[in-house]
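For what it's worth, the UniProt record's numbering labels the leading residue of the sequence shown as 1, then goes sequentially.
Glycine included, every Cβ here is placed at the ideal spot set by N, Cα and C.
None of these values were measured; they are calculated from a predicted model.
Have a look at the structure below before the remarks.
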Amino acid sequence: MMPQVSAPTDPAEHVRVRAAESRIEFAVAGAFTILIAGTLAYVHLLFVDIMPPARLWTWTSLFIAAIAAMVAVPLAVLVRRPDDAEIMAIWSPAGKVVAILFDVAVASSVWLLLPYASEPLRLLMVVFYAACVSGQVISTAESLGTITFGVVSIFGSAALFFVMAPGPYSAGLAVFLVAFGALMIGVAATLKVAIRSAIAARLSAEAISGDLAAALAAATEARQAKTRFIAAATHDLRQPLQAAALFFNRIADRQSATGDTAVVNARLAFAEAAGLLEQLLEHLRLDGGMIRPEVQFTALDAIIPRVCSEVAEIAVVSGFRIEQMGSRLVVAADPALLVRIVRNLLHNAMRHSRGSRILVGGRRRGDRVRIYVVDDGRGISTALAANLFDEVKPDCADPVGQSGVGLGLPSSRRMAELMGGSVELDPAWRHGAAFYCELPLVRQSDRADRHC
Numbered sequence: 001m002m003p004q005v006s007a008p009t010d011p012a013e014h015v016r017v018r019a020a021e022s023r024i025e026f027a028v029a030g031a032f033t034i035l036i037a038g039t040l041a042y043v044h045l046l047f048v049d050i051m052p053p054a055r056l057w058t059w060t061s062l063f064i065a066a067i068a069a070m071v072a073v074p075l076a077v078l079v080r081r082p083d084d085a086e087i088m089a090i091w092s093p094a095g096k097v098v099a100i101l102f103d104v105a106v107a108s109s110v111w112l113l114l115p116y117a118s119e120p121l122r123l124l125m126v127v128f129y130a131a132c133v134s135g136q137v138i139s140t141a142e143s144l145g146t147i148t149f150g151v152v153s154i155f156g157s158a159a160l161f162f163v164m165a166p167g168p169y170s171a172g173l174a175v176f177l178v179a180f181g182a183l184m185i186g187v188a189a190t191l192k193v194a195i196r197s198a199i200a201a202r203l204s205a206e207a208i209s210g211d212l213a214a215a216l217a218a219a220t221e222a223r224q225a226k227t228r229f230i231a232a233a234t235h236d237l238r239q240p241l242q243a244a245a246l247f248f249n250r251i252a253d254r255q256s257a258t259g260d261t262a263v264v265n266a267r268l269a270f271a272e273a274a275g276l277l278e279q280l281l282e283h284l285r286l287d288g289g290m291i292r293p294e295v296q297f298t299a300l301d302a303i304i305p306r307v308c309s310e311v312a313e314i315a316v317v318s319g320f321r322i323e324q325m326g327s328r329l330v331v332a333a334d335p336a337l338l339v340r341i342v343r344n345l346l347h348n349a350m351r352h353s354r355g356s357r358i359l360v361g362g363r364r365r366g367d368r369v370r371i372y373v374v375d376d377g378r379g380i381s382t383a384l385a386a387n388l389f390d391e392v393k394p395d396c397a398d399p400v401g402q403s404g405v406g407l408g409l410p411s412s413r414r415m416a417e418l419m420g421g422s423v424e425l426d427p428a429w430r431h432g433a434a435f436y437c438e439l440p441l442v443r444q445s446d447r448a449d450r451h452c
């Protein structure tokens, strides 16, 4: 049963598939022509001494013309690089004409050359015919009509010749040629289906890949535009907030009410709002790929005291006592990013722990260093811990309101990962919560090598 060739339903897609088939055939035909040229020279030498020169050169000239056309058409396509429409309108029909010219040249050898050939030479010519048809099936599988013409003209002529010129193998050769010709037509039909399916699948994959790339580019542009908009809006919002805090402080100082509870709470609220805006900007910079760490040798005794000093006033207002553990450890980190990470962890503890004491310090773990921020508050529930570092958290708050940890923790983890580290919650801690930032340790020997 002949395979069915399913043509693409979209006319434009049909043209693309057929043009791609033709390009493949032109490339294969170029290599096939080289083999045919060598075979022509060999056949000419076989008959040069056994038949009239005029008849031999008539056939040879016809074959040379066919080979010249077989070279010219693929070469023109290679040089011109035509589009799909031009290939379908001009070059694909030209290729079919060249294939028919080749078939006529081969078929003519049956009547011009075989009458002068011995029985062994006739058998050799049958091999030549089989090779020509097989090569045409491979190089022009797209054109089933052209292949059928070649099989009928070449194998049909040879079979008819052997029937008309009885010999010991004539009948067998005639049957073989007919059967082999039918087989070649079946192979060509199957090959056409396989090639067309493969080309259609490749073109479809390329189209999908192009659409996906365009969609990703559009999504990236939309995300960047959104990031720029929110960053601008956040920046604009931060300016009046800072101005409001400044005016409030001036009024509070004039009224000598700096110790009033309402004033303290208002200052704390201003600080919280400013901190949240800073976290949002930080998150947007991370999303936009604008944060690029400059990793260097960073001493913890230069980072921890600085951050603790920065948050000291907020800690007092919030009712926290911050304790520092002295540390001579040195890590490979960007100092500015490490300051922001530790600051985020401290703000997170003051905002959510509901404790009164925070311990900050570093501890070595093999070739890593953990900078701990430990509080004595209520701890982290199991439900919240599972999604603690997610930017979008499910609604799993417990009755005391452990939701709303914000963007500080996920942003801190992402900054640490940029430096080859991480931010985690220590699950072994049971009296409050213990967060740590883990970074690569810089050994004393590494520091000595750098100073050499």
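**Study point:** Sequence ranges, beta strand (DSSP E) only - wholly within the stretch 331 to 402, length at least 3
**Key:** 357 to 365 and 368 to 375
Exercise for review: Only counting runs of 3 or more residues, tell me where the beta strand (DSSP E) segments fall wholly within the stretch 275 to 328, in order along the chain.
Suggested key: 296 to 299 and 321 to 324
Exercise for review: Grab the span of the alpha helix (DSSP H) containing Leu-409 for me, first residue to last.
Suggested key: Position 409 of the sequence shown, counting from 1, holds the residue named residue 409. Its alpha helix (DSSP H) spans residues 408 to 418.
**Study point:** Buried versus exposed call for Ser-157 [16 or more other C-beta atoms within 10 Å across all chains shown]
**Key:** For the purposes of this step, residue 157 is taken as the residue at position 157 of the sequence shown. Buried.
Check your understanding: Mind checking Asp-334: buried by the 16 CB within 10 Å criterion, or exposed?
Key -> Taking the sequence shown and counting its residues from 1, the one referred to as residue 334 is at position 334. With 16 or more Cβ atoms within 10 Å of its Cβ, Asp-334 is classed as buried.
Exercise for review: Below 6 Å CB to CB, which residues in the same chain sit around Ala-37 once its five sequence neighbours on both sides are set aside?
Suggested key: Counting from one through the sequence shown, the residue named residue 37 turns up at place 37. Only Ile-67 meet the Cβ criterion.
**Study point:** Under the three-state DSSP convention, the category Val-423 falls into
**Key:** Looking up residue 423 in the sequence shown gives position 423. Val-423: strand per DSSP, three-state reduction.
Practice item. Kindly confirm or deny that the stretch 308 to 317 and the stretch 373 to 380 touch, where touching means at least three C-beta pairs closer than 8 Å. Key: no
Check your understanding: The beta strand (DSSP E) with Ala-89 in it runs from where to where?
Key -> As a working note, residue 89 is residue 89 in the sequence shown. Where Ala-89 is concerned, there is no enclosing beta strand (DSSP E), given that its DSSP letter is neither H nor E.
Check your understanding: How would you label Val-106, buried or exposed, when you count the other beta carbons within 10 angstroms and need 16 or more for buried?
Key -> In the sequence shown, the residue the question calls residue 106 occupies position 106. Val-106 is buried by the Cβ-count criterion.
Review point. Using CA coordinates, which residue listed in Glu-424, Cys-437, Asp-49 and Ala-131 is at the minimum distance from Leu-118?
Key: Walking along the sequence shown from the start, residue 118 turns up at place 118. Per the sequence presented here, residue 118 reads as Ser, with Leu not at that position. With distances taken between Cα atoms, Ser-118 lies closest to Asp-49.
Practice item. Specify, as a first and last residue, the run of the alpha helix (DSSP H) that Ala-68 falls within. Key: Looking up residue 68 in the sequence shown gives position 68. Looking at the DSSP string, the run of the alpha helix (DSSP H) that includes Ala-68 is 53 to 80.
Check your understanding: Glu-438 to Asp-84, Cα distance in whole Å?
Key -> By 1-based counting over the sequence shown, the position of residue 438 is 438. By 1-based counting over the sequence shown, the position of residue 84 is 84. Computed Cα separation, rounded: 58 Å.
Exercise for review: Take Ala-375 as the anchor and find which of Asp-390, Ala-188, Arg-351 and Val-127 has the nearest alpha-carbon.
Suggested key: In the sequence shown, the residue the question calls residue 375 occupies position 375. Correcting the residue type first, residue 375 is Asp in the shown sequence and not Ala. Measuring from the Cα of Asp-375, the nearest candidate turns out to be Arg-351.
Review point. In this structure, does DSSP put Leu-113 in helix, strand or coil?
Key: Within the sequence shown, residue 113 is the residue found at index 113, counting from 1. Leu-113 falls in the coil class under three-state DSSP.
Practice item. Identify the continuous alpha helix (DSSP H) that holds residue 531 and give its terminal residues. Key: Only positions 1 to 452 of the chain appear in the structure, and residue 531 is not among them; the question remains open.
**Study point:** Secondary structure of Pro-440, DSSP reduced to three states
**Key:** In the sequence shown, residue 440 corresponds to position 440, counting from 1. Pro-440: strand per DSSP, three-state reduction.
Exercise for review: Compare the Cα-Cα distances from Gly-181 to each of Tyr-372, Ala-165 and Val-133 and report the closest residue.
Suggested key: As a working mapping, residue 181 is identified with position 181 in the sequence shown. Closest by alpha carbon: Val-133.
Review point. Among Tyr-436, Gly-421 and Ser-422, which has the Cα closest to the Cα of Ala-428?
Key: The sequence position of residue 428 within the sequence shown is 428, counting from 1. Checked all of Tyr-436, Gly-421 and Ser-422; the closest Cα to Ala-428 is Tyr-436.
Check your understanding: Any idea which residues DSSP pairs Phe-435 with across the strands?
Key -> If you number the sequence shown from 1, residue 435 lands on position 435. According to DSSP, Phe-435 bridges with Val-373 and Leu-425.
Check your understanding: If you compare alpha carbons, which of Glu-424, Val-151, Pro-410 and Met-184 is closest to Val-369?
Key -> Working through the sequence shown from its first residue, we reach residue 369 at position 369. The option with the nearest alpha carbon to Val-369 is Glu-424.
**Study point:** Among Val-330, Ala-179 and Phe-149, nearest to Val-442 - alpha-carbon criterion
**Key:** On the sequence shown, residue 442 is found 442 positions in, with the first residue counted as 1. Comparing Cα-Cα distances from Val-442 to each of Val-330, Ala-179 and Phe-149, the minimum goes to Val-330.
Practice item. Would you tell me roughly how many angstroms separate the C-alpha atoms of Ala-336 and Ala-218, rounded to the nearest one? Key: Taking the sequence shown and counting its residues from 1, the one referred to as residue 336 is at position 336. Taking the sequence shown and counting its residues from 1, the one referred to as residue 218 is at position 218. About 33 Å.
Review point. Rounded to a whole number of angstroms, what is the C-alpha to C-alpha distance between Ser-170 and Leu-160?
Key: For the purposes of this step, residue 170 is identified with residue 170 of the sequence shown, where counting begins at 1. For the purposes of this step, residue 160 is identified with residue 160 of the sequence shown, where counting begins at 1. If you take the alpha carbons of Ser-170 and Leu-160, they lie about 10 Å apart.
Point to revise | Under the three-state DSSP convention, the category Gly-135 falls into | key: To locate residue 135, count along the sequence shown from 1; it is residue 135. Gly-135 falls in the helix class under three-state DSSP.
Review point. Should Gln-444 go down as buried or exposed, given a rule of 16 or more other Cβ atoms within 10 Å for buried?
Key: In the sequence shown, the residue the question calls residue 444 occupies position 444. Exposed, because fewer than 16 other Cβ atoms sit within 10 Å of the Cβ of Gln-444.
Check your understanding: Any chance the stretch 87 to 97 sits against the stretch 110 to 117, with 3 or more Cβ pairs inside 8 Å?
Key -> no
Point to revise | 9 Å Cβ cutoff met for Val-360 and Val-342 | key: Against the sequence shown, residue 360 aligns to sequence position 360. Against the sequence shown, residue 342 aligns to sequence position 342. Against a cut-off of 9 Å, the Cβ pair of Val-342 and Val-360 comes out as a contact.
Practice item. Label Asp-446 either buried or exposed according to how many other C-beta atoms from any shown protein chain fall within 10 Å of its C-beta, with 16 as the threshold for buried. Key: Translated into the one-based positions of the sequence shown, residue 446 becomes position 446. By the 10 Å Cβ count, Asp-446 comes out exposed.
Review point. Which residue from Arg-364, Leu-173, Met-164 and Arg-285 puts its Cα closest to that of Pro-440?
Key: On the sequence shown, position 440 is the one that residue 440 refers to. If we check each option's Cα against that of Pro-440, Arg-364 comes out closest.
Point to revise | DSSP-derived helix/strand/coil call for Ser-108 | key: Within the sequence shown, the letter at position 108 stands for residue 108. If DSSP states are grouped into helix, strand and coil, Ser-108 belongs with the helices.
**Study point:** Contact under 9 Å by Cβ, Leu-191 with Ile-138
**Key:** One-based indexing of the sequence shown puts residue 191 at position 191. One-based indexing of the sequence shown puts residue 138 at position 138. Closer than 9 Å, so yes.
Review point. Could you give the distance in angstroms between the alpha-carbon of Met-290 and the alpha-carbon of Met-70?
Key: For the purposes of this step, residue 290 is taken as residue 290 along the sequence shown, with counting starting at 1. For the purposes of this step, residue 70 is taken as residue 70 along the sequence shown, with counting starting at 1. Going from the Cα of Met-290 to the Cα of Met-70 covers about 58 Å.
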